[in-house]
Amino acid sequence: MSDPLDDLIDAAARTLDLPIEPACKAAVKTNLKVTLDHGAHVAAFKLPDHAEPAPVFVA
Amino acid sequence: MTDLTWTSANAIAYAVHDGQVSAHDVVAGSLARIAGQNKVLNAFTAVTEERALKRAAAIDAARKNGERLGPLAGVPFAVKNLFDVARLATRAGSKINRDNPPATQDSPLITRLEASGAVLVGALNMGEYAYDFTGENVHDGPARNPHDTARMTGGSSSGSAGAVAGGLVPLSLGSDTNGSIRVPASFCGIFGLKPTYGRLTRARSFPFVGSLDHLGPFARSVYDLALAYDAMQGYDPEDPVCVNRAAEPTASLIGNGPDGLTIAVAGGYFRKGAFPEALTAVERVVTALGVTREIEIPEAERARSAAYVITATEGAALHLERLRTRADDFDPAVRDRLIAGAMVPATLVDQAQKFRRWYRAHMLELFKHVDAIIAPSTPCTAPLIGQQNFVLDGVEMPVRPNMGLYTQPISFIGLPVAAVPIPLPPLPIGVQIIAAPWREDVALRIAHALERSGVAAAPRPRESA
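Line order of the protein sequences matches chains A and B. 1 is the number of the first residue of the first sequence in our numbering; add one for each residue after it. 1001 is the number of the first residue of the second sequence in our numbering; add one for each residue after it.
Here is the structure:
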C-alpha cells in the first residue's frame, strides 16, 4: 500500500503544476509532515463556529 | 576620535555635530573596515561607496554652512538586501531576484534614516527569501559570527547582525517574520528591536509572509535603537498595513527606567527545551529587574504551530510561480519547505488564522496585568555553521526551522520586543523584553535599565578589539 503522504504530494504536484525532482521528494515529504503535524496541533484546538480569522493582524 | 569601530551611533553624531570628526572620515572609516573585514564576516553583499561618500560630503558641507544636522548625522548604516536601494537589484537573499531590474528608489525607511543624517553604506547578506534562522546562504555564502567565525550569525537578518556586532557599522536594518531580528541579535550579542506589527512601513521591501512581516533596527546600544526607531516612525500609505498613528518618540523616555512597571517572566513553554545558557541569561535579567512573578503564556506552543503553518503557506503562495519555473535556482533547503507549504490544506490555514484571533485576545488580557514579559530569544548560543540538528528537550531537531521556538509565538500577534544581549562566556545570548502593542517605549526602558546595570551589553569580539 502506498504512503498517503506520497500520494498527496504526487497529486498536489500535478494539480498545482509544480514539478518536483525525484531527488527532492524526500525532503518535501519531511517538510510537509512537519507542517501538517503543526497544523494538526492547531486544528485540535476547539474554537466556536463563530470564530473569525485574523488574516492580517491588527495590534 | 580615531578608532570608531565600537563607537555608538549617538556618539558619532555628537562628534560630527561638534566638528570633532567629519562625516567623511566616519564614513571612510566604515568603508575601510568593510573592505578589510567583510572577506571574513561576509556581512555585505553590496557596498554603496560612491553614494555614501557623496552623502557624507553633503553633511560636512551643511555643517560648514551652519545648517542644522539630524540626530544621526554622519552615522553609517546598512540594510538587509530585501530593502530597495536605488540602483541595486533587491535580491532578498536569492539568486532569482538579482535578475530583476535595479530599484528606482530607496525604501522609505532608508529615506527616513538619511533624513536624520545617517549614511547608507551598503546592503547586507541574508537567508534566502528570509525563510531561514541560520544565516547560511548558498548563493552568497554564510554570514559569519564575529564572536567566532566558525559559528552562525543566525538569520535571516544575518548580515545585519554580523555587520553591527563586527563593528563595520553601528546601525543596521533587518526584517523579522518569525524571529529574524531577535535570533541573529541573540547569536551575535547585539540589541534589536522588532516593533509592533504595522508600526514601521514595509513599503519597497521584498515580502515573505505579509501578515507576519516586520522591519526594525539593530544596534550596540539601546539609545541607538531608540534614535533609529524614532527616525523611522510615521504613517506611510504605501504599506497598507502601516497604521496611521502619530509617532511616539522613545529616545527621551528610555532613561525613565523600569520603576512603576509590572514585569513578569514567561514560564512553562518558554523554559522547556532551553539550554542552560538561555536559562542563565533569563535568570540574570529577572534578578536585575527584581522580577518575582512568573506567568504562563496561554497556548504558546500552539501559537508557534499556527505561525509555522501560516508562514509555510503564505510563503508558498508568494513563490509559487518561481517554484514552477525556476526551482533549480532556489536554495534547496528553502525550495523544499516552500513546495511543502503549497500542499497544506486550506482548512488548516483557516484554523491557524482563527486561532490567531483567540490567542491575541488572551495575550491582550495578560497585558492588562503586566507591562512586560521576559523570555529567552533563542534556546541556545550560536551553533556551528553547517550544523544540521540540535537536541531540544531530548528530541533531535533540525536547526533551520526550530531556532524560532521562543520568538514565533510573540511575532505571531505582532507584539513589540526589545532583544537584549547577555554577554555570557564564551558566547552571548539574547533575552526578549516583550511589551503590549504600541508600547515599544516600555520594552526599550527596561532594555536600557539592563544596559545601565551592565547585565545587558554588546560584547566586543576579540578580533575587532
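Glycine is no exception: its CB is placed at the ideal position from the N, C-alpha and C atoms. Computed from a predicted model, the values in this text were never measured in an experiment.
Distance between residue j and residue i (C-alpha atoms, nearest Å)
{"i": "B:A1274", "j": "B:A1264", "result": "18 Å"}
{"i": "B:E1314", "j": "B:G1066", "result": "51 Å"}
{"i": "B:R1051", "j": "B:V1121", "result": "8 Å"}
{"i": "B:A1306", "j": "B:Y1014", "result": "46 Å"}
{"i": "B:A1219", "j": "A:S2", "result": "53 Å"}
{"i": "B:T1262", "j": "B:V1286", "result": "12 Å"}
{"i": "B:V1183", "j": "B:A1312", "result": "19 Å"}
{"i": "B:I1059", "j": "B:R1112", "result": "15 Å"}
{"i": "A:P48", "j": "B:Y1359", "result": "14 Å"}
{"i": "B:V1282", "j": "B:S1156", "result": "23 Å"}
{"i": "B:P1398", "j": "B:L1392", "result": "10 Å"}
{"i": "B:D1132", "j": "A:P55", "result": "22 Å"}
{"i": "B:A1185", "j": "B:E1440", "result": "17 Å"}
{"i": "A:L18", "j": "B:D1350", "result": "23 Å"}
{"i": "B:A956", "j": "B:N1137", "result": "Nothing can be reported for residue 956 of chain B: it is not among the residues displayed for chain B, which extend from 1001 to 1465."}
{"i": "B:R1144", "j": "B:A1165", "result": "10 Å"}
{"i": "B:K1054", "j": "A:E52", "result": "52 Å"}
{"i": "B:Y1406", "j": "A:L16", "result": "34 Å"}
{"i": "A:A26", "j": "B:V1075", "result": "48 Å"}
{"i": "B:M1232", "j": "B:L1109", "result": "6 Å"}
{"i": "B:I1413", "j": "B:D1106", "result": "28 Å"}
{"i": "A:V58", "j": "B:Q1020", "result": "45 Å"}
{"i": "B:V1169", "j": "B:V1047", "result": "12 Å"}
{"i": "A:V34", "j": "B:P1332", "result": "17 Å"}
{"i": "B:G1179", "j": "B:G1404", "result": "6 Å"}
{"i": "B:G1210", "j": "B:L1427", "result": "33 Å"}
{"i": "B:P1207", "j": "B:R1098", "result": "15 Å"}
6 Å Cβ shell around residue i - same chain, five flanking residues per side excluded
{"i": "B:A1056", "result": "A1023, H1024, V1027 and V1119"}
{"i": "B:N1244", "result": "Y1235"}
{"i": "B:T1045", "result": "N1081, A1123, N1125 and D1140"}
{"i": "B:G1341", "result": "A1312, T1313, G1315 and A1316"}
{"i": "B:S1515", "result": "Here chain B comprises residues numbered 1001 to 1465, so residue 1515 of chain B is not present and cannot be evaluated."}
{"i": "B:C1380", "result": "F1275"}
{"i": "B:I1373", "result": "A1264, A1266 and I1434"}
{"i": "B:S1094", "result": "E1128 and Y1129"}
{"i": "B:H1319", "result": "L1338"}
{"i": "B:W1006", "result": "G1167 and R1460"}
{"i": "B:V1291", "result": "I1263 and V1265"}
{"i": "B:A1375", "result": "A1266, F1270, Y1406 and Q1432"}
Status (buried if at least 16 other CB within 10 Å, exposed otherwise) for residue i
{"i": "B:L1173", "result": "buried"}
{"i": "B:R1473", "result": "Since the displayed chain B opens at 1001 and closes at 1465, residue 1473 of chain B lies outside it and no answer follows."}
{"i": "A:L32", "result": "buried"}
{"i": "A:D70", "result": "Since the first and last residues shown for chain A are 1 and 59, residue 70 of chain A lies out of range."}
{"i": "B:N1081", "result": "buried"}
{"i": "A:D37", "result": "exposed"}
{"i": "B:K1354", "result": "buried"}
{"i": "B:E1296", "result": "exposed"}
{"i": "B:V1079", "result": "buried"}
{"i": "B:D1259", "result": "exposed"}
{"i": "B:N1389", "result": "exposed"}
{"i": "B:P1409", "result": "buried"}
{"i": "B:R1462", "result": "exposed"}
{"i": "B:A1449", "result": "buried"}
{"i": "B:H1147", "result": "buried"}
{"i": "A:H50", "result": "exposed"}
{"i": "B:R1356", "result": "buried"}
{"i": "B:N1010", "result": "buried"}
Nonlocal neighbours in the same chain, by C-beta distance under 8 Å from residue i, ignoring five residues either side
{"i": "B:I1096", "result": "R1322, R1326, D1329 and F1330"}
{"i": "B:G1216", "result": "L1173, G1174, S1175, D1176, I1181, G1192, L1193, K1194, P1195, L1200 and Y1229"}
{"i": "B:W1438", "result": "T1196, R1199, R1245, E1248 and P1416"}
{"i": "B:R1335", "result": "L1323 and A1327"}
{"i": "B:A1103", "result": "D1084, V1085, A1086, R1087, L1088, A1089, T1090 and R1204"}
{"i": "B:N1256", "result": "R1445"}
{"i": "B:L1279", "result": "R1271 and P1376"}
Residues near residue i by beta carbon distance below 7 Å, same chain, minus five either side
{"i": "B:A1457", "result": "P1421, P1423 and E1451"}
{"i": "B:L1004", "result": "I1012, V1026 and G1029"}
{"i": "B:A1447", "result": "F1191, V1222, A1418, V1420, I1433 and A1456"}
{"i": "B:T1250", "result": "A1226, Y1229, D1230, E1440, D1441 and L1444"}
Residue-level contact to chain D via CB, residue i, 9 Å cutoff
{"i": "A:D17", "result": "Although the question refers to chain D, the structure presented lacks it and instead comprises the protein chains A and B."}
In the region 1151-1186 of chain B, which residue ranges form an unbroken beta strand (DSSP E) of at least 3 residues, counting only runs that do not cross its ends? 1171-1176
Does the region 1340-1347 of chain B touch the region 1292-1301 of chain B, meaning 3 or more C-beta pairs lie closer than 8 Å? no
For the region 1223-1238 of chain B and the region 1383-1391 of chain B, state whether three or more C-beta atom pairs, one from each stretch, are separated by less than 8 Å. no
Could you pull out every unbroken alpha helix (DSSP H) segment of at least 4 residues lying fully inside the region 1346-1413 of chain B, listed in chain order? 1346-1366, 1399-1402 and 1408-1411
Whole runs of the alpha helix (DSSP H) within the region 3-39 of chain A, excluding any shorter than 4 residues: 4-15
Unbroken stretches of the alpha helix (DSSP H), 4 residues or longer, contained in the region 1245-1289 of chain B: 1276-1289
Could you name each continuous alpha helix (DSSP H) segment of 4 residues or more that falls completely within the region 1084-1132 of chain B, going from the start of the chain to the end? 1108-1115
Where in the region 1421-1456 of chain B do unbroken runs of the alpha helix (DSSP H), each at least 4 residues long, occur, reported from the N-terminal end onward? 1440-1453
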